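Taken in order, the sequence shown gives residues 561 to 663; the numbers are from this note's numbering. The structure appears right after this line, and notes come after that.
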Amino acid sequence: MENITASELAGFGVGTLLLCATIAAPKVDAFISASQRSSLGMCKKCGNLRMIACTKCKGAGLIKEGLLFGITLGDESEVRSTKCVNCLGKGQFSCPECSKSSA
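Rendered as structure tokens:
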């Protein structure tokens, strides 16, 4: 391997930092929103909506099969939508925190 210049090394560092920030962003956002909800006296998970979106289908109720990372590689007719087995096609669940307190 040839010698790596300082600018190439800096580029690798910046790329690594951006990748880590992209991976951590949803967790940081969830932490901040949960703390804001609790300071307002709301449910930490749902914000008093009493429903939470399914994590598998992201609230759509359908899962598209035949996609690679959400991108269609070939013919769109090969993509099939099936009912989500996690939420049974509803796309959402009752909030476990709210159902505990109301029961």
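Think of the CB as a built atom: it goes at the ideal place given N, C-alpha and C, for glycine as much as any other residue. What you are looking at is a predicted structure, and each value in this text was computed from that prediction instead of being measured.
Strand pairing of residue i, partner residues [DSSP]
i, result
"residue 657", "BP columns for residue 657 are empty, so no partner."
"residue 613", "652"
Residue i, buried or exposed, once every other Cβ within 10 Å from all chains shown has been counted against 16
i, result
"residue 655", "buried"
"residue 647", "buried"
"residue 564", "exposed"
"residue 614", "buried"
"residue 617", "buried"
"residue 606", "buried"
"residue 612", "buried"
N- and C-terminal bounds of the alpha helix (DSSP H) containing residue i
i, result
"residue 582", "566-599"
8 Å CB neighbourhood of residue i in its chain, flanking five on each side removed
i, result
"residue 621", "614, 643, 644, 647, 649, 650, 651"
"residue 581", "none"
Residues of its chain near residue i, where Cβ-Cβ distance is below 6 Å and the 5 sequence neighbours each way are ignored
i, result
"residue 602", "608"
"residue 589", "none"
"residue 598", "604"
Start and end residues, beta strand (DSSP E) containing residue i
i, result
"residue 643", "640-643"
"residue 618", "Unbroken run through residue 618: none, as it is neither H nor E."
Integer Cβ distance of residue i from residue j, believed to fall under 8 Å
i, j, result
"residue 604", "residue 594", "4 Å"
Neighbourhood of residue i by C-beta distance below 7 Å, restricted to the same chain and skipping five residues each side
i, result
"residue 591", "none"
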